[in-house]
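Colleague:
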Amino acid sequence: MKIVLFGPPGAGKGTQAAMIEGKYGIPHISTGDIFRKNIKEGTPLGKLAKAYIEAGELVPDELTMGLVLDRISEPDCLGGYILDGFPRTILQAEMLDRKLMEFNDSIDFVLDIDVQDEVLVERMAGRRVCRDCGEIYHIEHLPPRIHGICNICKGELIVRKDDEAETVMTRLAVYREKTEPLVAYYRRKGLLVTIDGEDDRMVVFRRIEEVLEA
Ligand code: AP5
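Position one of the sequence shown corresponds to residue 5 (our numbering), numbered consecutively onward.
Now the structure itself:
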């Protein structure tokens with residue numbers, strides 16, 4: 005099962021991808037997480053990506069595409085995967101299609117998680133992530149058991165640099181301009197399913213399960 009999880013920043017892609025991975029046992033591939041790991045480790049890719057991410061802009065396609073195409077060629081992706089945050093431009097989507105076609109393969113589901121802007125802004129303002137393992141929390145909707153501490157690894161919870169209010173507005177504008185055209189791209193291919201993402205995360209997950217198991 006090959007799934008593209010699509011939707012604006014803060015829609016809940018990372019939250020739902022972790023739940024899909026947990027239930028269906030396919031790897032969750034998040035380009036945002038890959039970039040953040042590289043930034044934390046100070047790799048050459050991280051150094052190149054940092055300024056774009058902190059400004060709320062997209063990392064250039066040429067830095068992004070190779071790393072995803074390599075990742076989906078790894079053995080743990082043979083049974084499928086969840087792409088979270090990729091593709092994000094028409095060029096990325098076309099490259100992905102071409103790569104899959106080489107193996108007579110294709111994406112099975114494109115799930116577009118639909119959430120209004122006011123809710124997105126509130127979700128990103130309240131998001132906290134673990135500095136060490138990346139687990140996602142929200143100060144109201146999904147607080148940790150101990151304030152500021154990750155339930156899983158006891159790491160410190162931090163605010164993502166790109167969750168600052170001004171950067172969030174840039175990210176939403178970049179999404180509308182560069183990523184939203186993919187809705188029409190995948191609708192034409194008959195792959196797009198819109199998921200109402202505004203309810204509790206378990207309700208949203210049940211909607212996704214219904215689509216995947218229909
Ligand atoms: P990335 O990390 O992919 O960020 P994003 O797409 O902007 O998405 P987010 O991680 O902000 O949100 P999400 O939808 O995963 O929501 P979450 O589950 O955390 O990318 C970051 C940057 O990297 C980009 O801006 C770009 O610079 C670069 N980049 C990445 N991929 C790229 C690519 N392909 N090409 C070029 N550049 C790329 O949830 C948000 C909050 O809401 C959390 O606090 C969560 O607990 C809460 N929440 C989730 N679901 C619910 C719910 N149902 N009810 C209440 N609260 C909820």
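Glycine included, every Cβ here is placed at the ideal spot set by N, Cα and C.
#1: Within 7 Å: the Cβ of Ile57 and any heavy atom of ligand 1?
#2: Pick helix, strand or coil for Val133, following the three-state DSSP scheme.
#3: Determine which residues share a DSSP beta bridge with Ile212 and list them.
#4: Taking only runs that begin and end inside the segment 59–135, name each unbroken alpha helix (DSSP H) of 4 or more residues, in chain order.
#5: Can you tell me whether Leu100 is buried or exposed? The criterion is at least 16 other CB atoms within 10 Å of its CB, across all chains shown.
#6: According to DSSP, is Leu195 helix, strand or coil?
#7: Measuring only from the beta carbon, is Glu61 closer than 7 Å to any heavy atom that is part of ligand 1?
#8: Are Lys182 and Arg92 close, meaning C-beta to C-beta below 8 Å?
#9: Give me, in chain order, the residues of the same chain whose beta-carbon lies closer than 7 Å to that of Arg175; leave out the 5 immediate sequence neighbours on both sides.
#10: For Thr1, does the count of other Cβ atoms within 10 angstroms reach 16, so buried, or fall short, so exposed?
#11: Just curious, the beta strand (DSSP E) that Ile227 is in, first and last residue?
#12: Our contact map puts Glu139 next to Gly130 with C-beta atoms below 8 Å; I'd like the distance itself, whole angstroms only.
#13: Within 10 angstroms of its Cβ, does Ala22 collect 16 or more other Cβ (buried), or is it exposed?
#14: Apart from the five residues on each side of it in sequence, which residues of its chain come closer than 7 Å, Cβ to Cβ, to Gly152?
#15: Who are the Cβ neighbours of Ala53 in its own chain at under 6 Å, not counting the five residues just before and after it?
#16: Kindly provide the ranges of any alpha helix (DSSP H) runs that are 4 or more residues long and lie completely inside the segment 137–176, ordered along the chain.
#17: Taking 7 Å as the limit between beta carbons, can you name the residues of its chain near Asp200, skipping five residues before and five after?
Modeller: To lay it out plainly:
#1: Here residue 57 refers to the residue found at position 53 of the sequence shown. Checking the Cβ of Ile57 against ligand 1 gives yes.
#2: In the sequence shown, residue 133 corresponds to position 129, counting from 1. Of the three classes helix, strand and coil, the one that applies to Val133 here is strand, per DSSP.
#3: Here residue 212 corresponds to residue number 208 of the sequence shown, with the count starting at 1. None; Ile212 has no bridge partner.
#4: Secondary structure remark: continuous alpha helix (DSSP H) runs of at least 4 residues inside the segment 59–135, in chain order: 65–75, 94–106 and 121–130.
#5: Here residue 100 refers to the residue found at position 96 of the sequence shown. Residue environment for Leu100: buried (at least 16 other C-beta atoms within 10 angstroms of its C-beta).
#6: If you number the sequence shown from 1, residue 195 lands on position 191. Three-state result, Leu195: coil.
#7: Locating residue 61 in the sequence shown gives position 57, where the first residue counts as 1. Yes; taking the cut-off as 7 Å, the Cβ of Glu61 has a heavy atom of ligand 1 nearer than that.
#8: Along the sequence shown, one-based indexing puts residue 182 at 178. Along the sequence shown, one-based indexing puts residue 92 at 88. Yes.
#9: Here residue 175 is taken as the residue at index 171 of the sequence shown, counted from 1. Answer for Arg175: Pro13, Gly60 and Asp166, listed in chain order.
#10: Because the chain spans 5 through 218 in this model, residue 1 falls outside it and cannot be assessed.
#11: Lying outside 5 to 218, the shown extent of the chain, residue 227 is not represented and no answer is given.
#12: To locate residue 139, count along the sequence shown from 1; it is residue 135. To locate residue 130, count along the sequence shown from 1; it is residue 126. Not quite, the Cβ-Cβ distance comes to about 15 Å (not below 8 Å), so this is no contact.
#13: Taking the first residue of the sequence shown as 1, we reach residue 22 at position 18. Buried is the call here.
#14: Residue mapping note: residue 152 aligns to position 148 of the sequence shown, counting from 1. So the list reads Glu160 and Leu161, once near-sequence residues are dropped.
#15: The count along the sequence shown starts at 1 and reaches residue 53 at position 49. Taken in chain order, the residues that qualify are Phe39 and Val63.
#16: none
#17: On the sequence shown, position 196 is the one that residue 200 refers to. Within the same chain, Asp200 has close Cβ partners Asp118 and Arg211.
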